[in-house]
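**Q** Protein chains in written order, with the numbering used here: chain A, 1 to 91; chain B, 1001 to 1100; chain C, 2001 to 2205.
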Amino acid sequence: MRIGDVVSVRTETPAHHHRTPWIVKGKTWRNASITAPFFNPESRAHGGDGLPKQMLCSVEFRQVDLWGARYREDARDRLLIDIYEHWLEPQ
Amino acid sequence: MPSAHDRGGLATREPIDQTTHEWADWEHLVNALVGVLRRHDLINVDELRRGIEAMAPAEYESSTYYERWSASIEHILVEKGVLTTDEIAAATREIDANWE
Amino acid sequence: MSDDPAHPGLQHDVRLSERAKRAQAIHRLLVSKNIIGPDEVAEVIERVRTRTPADGATVVARAWTDPAFKTRLVEDARSAVLELGYRLSHDAGLAVVENTARIHHLVVCTLCSCYPTALLGPPPDWYKSFAYRQRAVVEPRAVMREFGLVLDEGIPVRVVDSTADLRYLVLPRRPIGTAGFSETELAELVTRDSMIGVGEARAPA
């Protein structure tokens, strides 16, 4: 994953603990930046050691892309959210 | 339908209630207990969240913040065999009895 | 309500929920089995009481008066904050987003309650409420208006959904009319809400 790559967020909802909210699942936008590696919470929540660490990526979406006509505020507004790299698929 | 904890964008007209309550002693206890259990490697924040998310949706919705933490602490400690549900229930009854 | 000094935080009240009582029972059991020490919880409770938004306000005031520090803070918040002597737990990331005349940030955690507790203390009740978690992402200006904040026309909003292992602190805009203020004077203008993004720093009296 490189800065500026266009990415989509995976759509599945696994039964295990994960940190990807439904509001961005299946949504596509430009990857803003890679922050840092963190222990993988999906492993650590279930007795694992969290390794290998996973890169956390700050991804930015246009609010109108997330909500469509439901979004009534400024069309330039964005949502910034940190998503683990294994949840992202390059387009 | 997102899971009960996945709240972003769910429609509501409810205003934000900006009043804050003074934590009760038991809320201080629950908050601190998680910190202590983390130090002893008995629970980590990811497990805490998994335990919260394991609550039945109706209980998640109706519980207060630290009631959810209490449910999660119990879930994780019982799962790890640190405590049993029976002894927690017995200790709870004992607390009740001592104060009656 | 009564306190039992032998059991920190132990409290009996008929209105206490089952979950509240069970938490106290769990604490008793852990202590009686020597799994945790008898005073550990009380020590953490005392430490938590000392954490307030004042630490975050000090960081903001430093950033307002020291441009090189501000650059470091926005680029690598964790290192910059450690440089000031604050303690962060070893695995917690920290990010600082700057509000300017061109962009306004608002922080929420839709999944849970992620918050920069190390610098602001525990989050306020409303931050953890369903209403805030549900509405902040889809109608941020409507939410801000409820807090009394009306943004200048034309400033776009970037909502930060802080759902992962990075905790976000907003660096609010420095109020006008504060040239020559000391860091201490500036820190007094920095509100908790301005560091979440639902408010602005106070104007000087």
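Beta carbons: idealized from backbone N, C-alpha and C, even for Gly.
Looking only at its own chain, which residues have a Cβ that is under 6 Å from the Cβ of residue 1069 of chain B, when we skip the five neighbours before and after it?
**A** Numbered from its first residue, the second sequence carries residue 1069 of chain B at position 69. 1030, listed in sequence order.
**Q** Buried or exposed: which applies to residue 2163 of chain C, given that a residue is buried once 16 or more other Cβ atoms fall within 10 Å of its Cβ?
**A** Position 163 of the third sequence, counted from the first residue, corresponds to residue 2163 of chain C. Label assigned to residue 2163 of chain C: buried.
**Q** For the segment 1025 to 1059 of chain B, which residues have a beta carbon sitting closer than 7 Å to at least one beta carbon of chain A?
**A** So the close ones are 1044, 1046, 1047, 1049, 1050 and 1053.
**Q** Relative to the C-alpha of residue 88 of chain A, which candidate in A/67, A/49 and A/8 has its C-alpha closest?
**A** Reading the first sequence from its first residue, position 88 is the one you call residue 88 of chain A. Of the listed residues, the one whose Cα sits closest to residue 88 of chain A is A/8.
**Q** Using the beta-carbon of each residue, which ones in chain C are nearer than 7 Å to residue 12 of chain A?
**A** Position 12 of the first sequence, counted from the first residue, corresponds to residue 12 of chain A. In chain order: nothing, as chain C lies at least about 16 Å away.
**Q** For residue 1067 of chain B, count the other beta carbons within 10 Å of its own beta carbon; 16 or more makes it buried, fewer makes it exposed. Which is it?
**A** Here residue 1067 of chain B corresponds to residue number 67 of the second sequence, with the count starting at 1. So residue 1067 of chain B ends up on the buried side.
**Q** Should residue 2029 of chain C be flagged as near chain B, meaning a C-beta pair shorter than 8 Å?
**A** Sequence index remark: in the third sequence, residue 2029 of chain C carries index 29 (1-based). Yes - at least one Cβ of chain B is within 8 Å of the one on residue 2029 of chain C.
**Q** Where do the N-terminal and C-terminal ends of the beta strand (DSSP E) with residue 79 of chain A fall, by residue?
**A** Here residue 79 of chain A refers to the residue found at position 79 when the first sequence is read from its first residue. It spans 78 to 84 - the beta strand (DSSP E) in which residue 79 of chain A sits, taken as one unbroken run.
**Q** Short of 7 Å in beta carbon distance, which residues of its chain neighbour residue 2191 of chain C, apart from the five on each side in sequence? Order them along the chain.
**A** Position 191 of the third sequence holds residue 2191 of chain C. Excluding sequence neighbours, residue 2191 of chain C sits near 2199, 2201 and 2202.
**Q** Excluding five sequence neighbours on each side, which residues of the same chain lie with their C-beta closer than 7 Å to the C-beta of residue 2069 of chain C?
**A** Translated into the one-based positions of the third sequence, residue 2069 of chain C becomes position 69. The answer, listed in chain order, is 2062, 2063 and 2080.
**Q** Name the chain A residues whose beta carbon is nearer than 8 Å to that of residue 2131 of chain C?
**A** As a working note, residue 2131 of chain C is residue 131 in the third sequence. Those do not exist, as residue 2131 of chain C stays about 16 Å from chain A at its closest Cβ, beyond 8 Å.
**Q** Please return the same chain residues whose Cβ sits closer than 6 Å to the Cβ of residue 2174 of chain C, not counting the five positions on each side in sequence.
**A** In the third sequence, residue 2174 of chain C corresponds to position 174, counting from 1. Result list for residue 2174 of chain C: 2064, in chain order.
**Q** Here's the rule I'm using: 16 or more other beta-carbon atoms within 10 Å means buried, otherwise exposed. How should residue 1076 of chain B be labelled?
**A** The residue labelled residue 1076 of chain B in the question sits at position 76 within the second sequence. Buried: at least 16 other Cβ atoms inside 10 Å.
**Q** Rounded to whole angstroms, what's the CA-CA distance from residue 2008 of chain C to residue 2099 of chain C? Just pull it up for me.
**A** Counting from one through the third sequence, the residue named residue 2008 of chain C turns up at place 8. Counting from one through the third sequence, the residue named residue 2099 of chain C turns up at place 99. Residue placement at residue 2008 of chain C cannot be trusted, given a pLDDT of 46 that sits under 50; what the coordinates show is reported in the next sentence. Each residue's Cα considered, the two are about 42 Å apart.
**Q** Quick one: is residue 23 of chain A buried, meaning 16 or more other Cβ sit within 10 Å of its Cβ, or exposed?
**A** The count along the first sequence starts at 1 and reaches residue 23 of chain A at position 23. Per the 10 Å Cβ criterion, buried.
**Q** Here's a check: name, in chain order, each residue in its chain whose Cβ is nearer than 8 Å to the Cβ of residue 36 of chain A, leaving out the five neighbours to either side.
**A** As a working mapping, residue 36 of chain A is identified with position 36 in the first sequence. Hits under 8 Å: 55 and 56.
**Q** Using CA atoms only, rank isn't needed, just tell me which of C/2038, C/2056 and C/2023 is closest to residue 2183 of chain C.
**A** Taking the third sequence and counting its residues from 1, the one referred to as residue 2183 of chain C is at position 183. Of C/2038, C/2056 and C/2023, the residue nearest in Cα terms is C/2056.
**Q** With 7 Å as the C-beta to C-beta threshold (strictly closer), list the residues of the segment 2038 to 2071 of chain C near chain E in chain order.
**A** Given the protein chain composition of this structure (A, B and C), no chain E is represented.
**Q** Bridge partners for residue 34 of chain A per DSSP, in chain order?
**A** Translated into positions along the first sequence, residue 34 of chain A becomes position 34. DSSP, once it has assigned bridges, lists A/57 as partnering residue 34 of chain A.
**Q** Nearest to residue 2088 of chain C by CA position, among C/2047, C/2117 and C/2071, is which residue?
**A** What you label residue 2088 of chain C is simply residue 88 of the third sequence in a count that begins at 1. Residue 2088 of chain C has its Cα closest to that of C/2117, out of C/2047, C/2117 and C/2071.
**Q** Shorter than 8 Å from the beta carbon of residue 1002 of chain B to some beta carbon of chain A?
**A** Here residue 1002 of chain B corresponds to residue number 2 of the second sequence, with the count starting at 1. It does; some Cβ of chain A falls within 8 Å.
**Q** From residue 2086 of chain C to residue 2058 of chain C, what distance separates their C-alpha atoms?
**A** Stepping through the third sequence from its first residue, residue 2086 of chain C is reached at position 86. Stepping through the third sequence from its first residue, residue 2058 of chain C is reached at position 58. If I take the Cα positions, the gap works out to 11 Å.
**Q** If I measure Cβ to Cβ from residue 2137 of chain C and keep anything under 8 Å in the same chain, skipping five residues before and after, which residues do I get?
**A** Along the third sequence, read from residue 1 onward, the residue named residue 2137 of chain C stands at position 137. Within the same chain, residue 2137 of chain C has close Cβ partners 2108, 2110, 2159 and 2161.
**Q** Spell out a yes or no on whether the segment 71 to 82 of chain A and the segment 41 to 54 of chain A are touching, meaning 3 or more CB-CB pairs, one atom from each, closer than 8 Å.
**A** With the cut-off at 8 Å, the segment 71 to 82 of chain A and the segment 41 to 54 of chain A do not touch.
**Q** Consider the Cβ of residue 2196 of chain C: report whether some Cβ of chain B lies at a distance smaller than 8 Å.
**A** Here residue 2196 of chain C corresponds to residue number 196 of the third sequence, with the count starting at 1. Not an interface residue.
**Q** Considering only the beta carbon of each residue, do residue 2023 of chain C and residue 1083 of chain B sit closer than 8 Å?
**A** Counting from 1 along the third sequence, the entry for residue 2023 of chain C is found at position 23. Counting from 1 along the second sequence, the entry for residue 1083 of chain B is found at position 83. Contact: no.
**Q** Name, in chain order, the residues that DSSP records as bridge partners for residue 88 of chain A.
**A** For the purposes of this step, residue 88 of chain A is taken as residue 88 along the first sequence, with counting starting at 1. Partner(s): A/9.
**Q** Give every residue of the same chain whose Cβ lies closer than 7 Å to the Cβ of residue 1074 of chain B, excluding the five residues on either side of it in the sequence, and list them in chain order.
**A** Locating residue 1074 of chain B in the second sequence gives position 74, where the first residue counts as 1. If we look at residue 1074 of chain B and ignore the five residues flanking it on each side, its Cβ neighbours are 1088.
**Q** Spatial neighbours of residue 29 of chain A within its chain, please: C-beta separation below 8 Å, excluding the five flanking residues on both sides.
**A** Position 29 of the first sequence holds residue 29 of chain A. Answer for residue 29 of chain A: 6, 7, 59, 60, 61, 62 and 65, listed in chain order.
**Q** Does residue 2035 of chain C come within less than 8 Å of chain B when only Cβ atoms are used?
**A** Translated into the one-based positions of the third sequence, residue 2035 of chain C becomes position 35. Closer than 8 Å to some Cβ of chain B, the Cβ of residue 2035 of chain C qualifies, so yes.
**Q** Which runs of the alpha helix (DSSP H) at least 4 residues long sit entirely within the segment 2062 to 2127 of chain C? Give them in chain order.
**A** DSSP runs (the alpha helix (DSSP H)) wholly in the segment 2062 to 2127 of chain C: 2067 to 2075, 2077 to 2083 and 2117 to 2120.
**Q** What does residue 17 of chain A touch in chain B if you count any residue whose Cβ is under 7 Å from its own?
**A** Counting from one through the first sequence, the residue named residue 17 of chain A turns up at place 17. Those within 7 Å of residue 17 of chain A in chain B are 1046, 1049, 1050 and 1053.
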